[in-house]
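Participant:
This is the structure:
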């Protein structure tokens, strides 16, 4: 078994070896830029961990890992445009640096690059690999659309929200791990279980993201803090607050959605979160999904020793700086 750090080295090495065209420079430079911003490379690393779990060939899985990482970074470029985000991993976002139109086009060509990577997997598993990759990519787009629609709706339920983050965030982790299982020629039911592990872990990860957006340290978190509050985003925290809030406090909360004084808005909404213990409730929900992930992993009939690195990494992912 390889450690996650060894697998990460394979990922970083493969990324460094990708040769993008040099002309037109402004189309390809943003791709090199976002791919080099680093991050934890969680998805391609966990794809390779799934390959390792099922005793597959790490090198043969690198095209699938590159497809997933390239697709993920493409979605970040477009998401940052939609969210008007100034920072990504503590650095200027692509649209801030090169302009929105170039960022859109660079994202488009990254989707093409991702497809070029996935077609380099072993021809015997190309069909299931493509099917999984395409279903994953489509799910992410559906999730992003729902996320945007929720901004103008006042009746979003927590169940709908969980389904949206499942699509937007969790299917990518699940899909990455399923791709790893497919490359390793695991049984279909095993591929489905590792998908369930990844998907549930992804939901837990996004719930944690909601929590850190409000309660995190921007230096450690690498993103603008309270961006969700500023944007009136329907996160788990806000929806739970709306579910529990008294009529009097609901009026106070609703007044904040049009508050132009952002510092005051953040302070007032955060104080309501504290009063209704929203952080604790969100943390409990996050732990439920983490437990679901481990239940799926336990059903895979492979020695626990082979699962130890996955379990350890899952716990590390869920103890990010806050």
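Residue numbers (this note's numbering): 1244 to 1565.
Glycine is no exception: its CB is placed at the ideal position from the N, C-alpha and C atoms.
Nothing here was measured: the structure is a model prediction, and the numbers come from that model.
#1: Mapping the DSSP letters down to three states, classify residue 1220 as helix, strand or coil.
#2: Would you be able to state if there are at least three C-beta pairs under 8 Å between the stretch 1513-1532 and the stretch 1479-1488?
#3: Classify residue 1590: buried if its beta carbon has 16 or more other beta carbons within 10 angstroms, exposed otherwise.
#4: Beta-carbon within less than 6 Å of residue 1353's beta-carbon, same chain only, minus the 5 sequence neighbours each way: which residues are those?
#5: What is the residue span of the alpha helix (DSSP H) that residue 1338 lies within?
#6: Would you call the stretch 1387-1396 in contact with the stretch 1340-1351, where contact means no fewer than 3 C-beta pairs closer than 8 Å?
#7: By the 10 Å Cβ neighbour count, where 16 or more other Cβ atoms means buried, how is residue 1565 classified, buried or exposed?
#8: Judging by CA-CA distance, which residue of 1373, 1305, 1440 and 1299 is the nearest neighbour of residue 1571?
#9: Taking only the alpha-carbon atoms, compute the straight-line gap between residue 1372 and residue 1253 and give it to the nearest angstrom.
#10: Just to confirm the assignment: which complete beta strand (DSSP E) runs, minimum length 3, are found wholly within the stretch 1358-1431?
#11: Return helix, strand or coil for residue 1511, following the three-state DSSP convention.
#12: Could you tell me whether the Cβ atoms of residue 1365 and residue 1303 are closer together than 8 Å?
#13: Pair every Cβ in the stretch 1403-1418 with every Cβ in the stretch 1440-1456, then say whether three or more of these pairs are closer than 8 Å.
#14: With distance defined between alpha-carbon atoms, name the residue in 1398, 1309 and 1405 nearest to residue 1356.
#15: Should residue 1539 and residue 1458 be called a contact, given that it needs their Cβ atoms to be closer than 8 Å?
#16: Output the distance between the C-alpha atoms of residue 1288 and residue 1245, rounded to the nearest integer angstrom.
Facilitator: From the atom records:
#1: Absent from the model: residue 1220. The displayed extent of the chain is 1244 to 1565, so no value can be given.
#2: yes
#3: Because the chain here runs from 1244 to 1565, residue 1590 falls outside it and cannot be looked at.
#4: Position 110 of the chain shown, counted from the first residue, corresponds to residue 1353. So the qualifying residues of the chain are 1274, 1313 and 1317.
#5: Taking the chain shown and counting its residues from 1, one reaches residue 1338 at position 95. Per DSSP, residue 1338 belongs to the alpha helix (DSSP H) from 1337-1341.
#6: no
#7: Start at 1 with the first residue of the chain shown, and residue 1565 comes out as number 322. With a pLDDT of 46 at residue 1565, under the threshold of 50, the modelled position of this residue cannot be trusted; read the value that follows with caution. Residue 1565 comes out exposed.
#8: No statement about residue 1571 is possible, as the shown extent of the chain runs from 1244 to 1565 and does not include it.
#9: As a position in the chain shown, residue 1372 is number 129, starting the count at 1. As a position in the chain shown, residue 1253 is number 10, starting the count at 1. Distance between the alpha carbons of residue 1372 and residue 1253: 20 Å.
#10: none
#11: Reading the chain shown from its first residue, position 268 is the one you call residue 1511. It is helical.
#12: If you number the chain shown from 1, residue 1365 lands on position 122. If you number the chain shown from 1, residue 1303 lands on position 60. Yes.
#13: yes
#14: The residue you call residue 1356 lines up with position 113 of the chain shown. Residue 1309 is the option with its Cα nearest to residue 1356.
#15: Here residue 1539 refers to the residue found at position 296 when the chain shown is read from its first residue. Here residue 1458 refers to the residue found at position 215 when the chain shown is read from its first residue. No, the pair does not count as a contact, with Cβ atoms beyond the cut-off.
#16: Position 45 of the chain shown holds residue 1288. Position 2 of the chain shown holds residue 1245. Those two C-alpha atoms are separated by around 11 Å.
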